[in-house]
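**Student:** The sequence shown runs -20 to -1, 1 to 298 under mature numbering (1 follows the signal peptide of the UniProt record, and there is no 0).
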Amino acid sequence: MLLYPAAIAALLAALPGAAASKRGLVFTPNSTTRSDDKIWVQKPTTLTWYYNYKPEPEATYEHLPQSEFEFVPMMWGAPSTIDDTSFVTTIKNLIKKGINITNVLSFNEPDGPFVYGGSNMEPSVAAQVWVNNMIPLQELGIRVGLPACTGAPDGLPWLQTFLQECSKLISTSDKQRNCTYDFVTIHWYGSFEGLASHMGQYSAAFPNKTMWITEYNLNNQDLESTQAFFNMSAEYFDRLDFVERYSLFGAFRSDVSNVGPNGAMLSVNGSLTDIGAWYLGREATGILPSATSWAFRSVTPRASGVVLGALFAAAALL
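Here you go:
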């Protein structure tokens, strides 16, 4: 993969600052702890947008203007019938209500099975659903993201087949047309080096497109490694101009986390962990993810030296 000298230089400059405007919330509420929902919009916060895997906004955040906390609708997967355009109708109705929808996310992990949270769509089916629902929204001036595939090796081939199938649907015998998209959408669970490599693959496959990393974390690892991953990836995203937005998958309590307890932004008792506090732009809390009461550990500032070392390692992969 190609090295981006300007991007790497930017990564190494002015550590350890953060750009708040890129950070968003993957809203995954728990019915037994709905009081946690308000944590993510309490001041101070770096979060400026959210999505909830649905086309409708959350009642908890409906009082907040789009300019303060932007809701980004998602068409999670295929409707019950392939010609269903209710997603378009829903978005138009939101706009009629005065909600300024400017960005939309499309299919969630269409290359993945239902059992692991994927929408399990054949590329040809996804292409028809896209033509019926996404193109009409683009005609309204709404920006649309490419489907968010898994980080597995089959993800990029799925997208390439999807785009070929989409092109077939809108082309004619005398004119070749391609389906367009405004940004690519990435999911990643694993090491920082793997994340940087995965992003490099997408940059090569979809040049001159910005990225949204809408799910990411280092799953099922020890606390020190997980915190180091968070700090390194946040620095990385904030320094790269082509990373438009990102959202850490971790806005839940550690005892219900499916990325391991150390990846969660809330402890067992619903208090912000260090990662949770850092993500909101606050100082470390010292609260352990396993804490069922006010249990603390000693707080260590984020180490720029550690981040620098990882960035140099990642540079070799780009």
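For each residue, glycine too, the CB sits at the ideal point set by N, CA and C.
In this text, all values refer to a predicted model and were calculated from it rather than measured experimentally.
Using the beta-carbon count (16 or more within 10 Å), is Y96 buried or exposed?
**Tutor:** Flag for Y96 reads exposed.
**Student:** Please work out which residues of its chain come closer than 7 Å, Cβ to Cβ, to F142, disregarding the five sequence neighbours upstream and downstream, and give them in chain order.
**Tutor:** Cβ within range, chain order: P103, A106, A107 and P127.
**Student:** Since E173 sits in a beta bridge, which residues does DSSP pair it with?
**Tutor:** E173 is not bridged by DSSP to any residue.
**Student:** L5 to K155, Cα distance in whole Å?
**Tutor:** One C-alpha to the other measures close to 41 Å.
**Student:** With burial defined as no fewer than 16 other Cβ atoms inside 10 Å of the residue's Cβ, what is the status of G78: buried or exposed?
**Tutor:** exposed
**Student:** Can you tell me where the beta strand (DSSP E) holding E195 begins and where it ends?
**Tutor:** T190 to N197
**Student:** By the three-class DSSP mapping on this structure, what secondary structure does A106 have?
**Tutor:** helix
**Student:** With DSSP run on the structure shown, which of helix, strand or coil describes H43?
**Tutor:** coil
**Student:** Using 8 Å as the threshold, is the C-beta distance between D254 and Q207 below it?
**Tutor:** yes
**Student:** Tell me, to the nearest whole angstrom, how far the beta carbon of P37 is from that of V68; I am working on the premise that it is less than 8 Å.
**Tutor:** In fact, because the Cβ distance is near 17 Å, the residues do not count as touching under 8 Å.
**Student:** Between the C-alpha atoms of N242 and S153, what's the straight-line distance to the nearest angstrom?
**Tutor:** Rounded to the nearest angstrom, the gap between the Cα atoms of N242 and S153 is 55 Å.
**Student:** Taking contact to mean 3 or more Cβ pairs, one atom from each stretch, closer than 8 Å, check whether the region 56 to 71 and the region 15 to 30 are in contact.
**Tutor:** no
**Student:** Given that a residue counts as buried once 16 or more other Cβ atoms are within 10 Å of its Cβ, and exposed if not, what is P24?
**Tutor:** exposed
**Student:** By Cβ distance, which residues of its chain are closer than 8 Å to E136, with the 5 residues on each side in sequence left out?
**Tutor:** Sequence check: residue 136 is Leu here, not Glu. If we look at L136 and ignore the five residues flanking it on each side, its Cβ neighbours are C129, Q181, Y182 and A185.
**Student:** Considering G4, what are the terminal residues of the beta strand (DSSP E) in which it resides?
**Tutor:** Residues G4 to V6.
**Student:** Measuring alpha carbon to alpha carbon, tell me which of T165, F163, N112 and L120 ends up nearest L149.
**Tutor:** N112
**Student:** May I ask you to check if the CB of G135 is nearer than 7 Å to at least one heavy atom of the ligand SAM?
**Tutor:** With respect to the ligand SAM, the structure offers nothing, as it holds no ligand at all.
**Student:** Compare the Cα-Cα distances from S247 to each of G261, A132, F232 and Y259 and report the closest residue.
**Tutor:** F232
**Student:** Applying the criterion that 16 or more other CB atoms from any shown protein chain within 10 Å of the CB defines a buried residue, is P90 buried or exposed?
**Tutor:** buried
**Student:** Less than 8 Å separating the beta-carbons of A58 and V109?
**Tutor:** yes
**Student:** Out of E145, Y169 and S227, which one is the CA nearest neighbour of N158?
**Tutor:** E145
**Student:** If G256 and M245 are in contact, beta carbons under 8 Å, what's the gap, nearest whole angstrom?
**Tutor:** 3 Å
**Student:** Please state whether DSSP places I271 in a helix, a strand or coil.
**Tutor:** For the record, residue 271 in the displayed sequence is Ala; it is not Ile. It is coil, neither helix nor strand.
**Student:** Which residues in the same chain have their Cβ closer than 7 Å to the Cβ of D63, if we skip the five residues on either side of it in sequence?
**Tutor:** Setting aside the 5 residues that flank it on each side, D63 is surrounded in the same chain by N112, each with a C-beta closer than 7 Å to its C-beta; the list follows chain order.
**Student:** If you compare alpha carbons, which of L139, N188 and Y216 is closest to E173?
**Tutor:** Y216
**Student:** Taking the beta strand (DSSP E) that Y31 falls in, what are its first and last residues?
**Tutor:** W29 to Y31
**Student:** Tell me whether the beta-carbon of Y161 lies closer than 8 Å to the beta-carbon of Y196.
**Tutor:** no
**Student:** Give the range of the beta strand (DSSP E) segment to which Y96 is assigned.
**Tutor:** Taken as a continuous stretch (DSSP letters only), Y96 belongs to no beta strand (DSSP E), as it is neither H nor E.
**Student:** Secondary structure at E215, three-state DSSP: helix, strand or coil?
**Tutor:** helix
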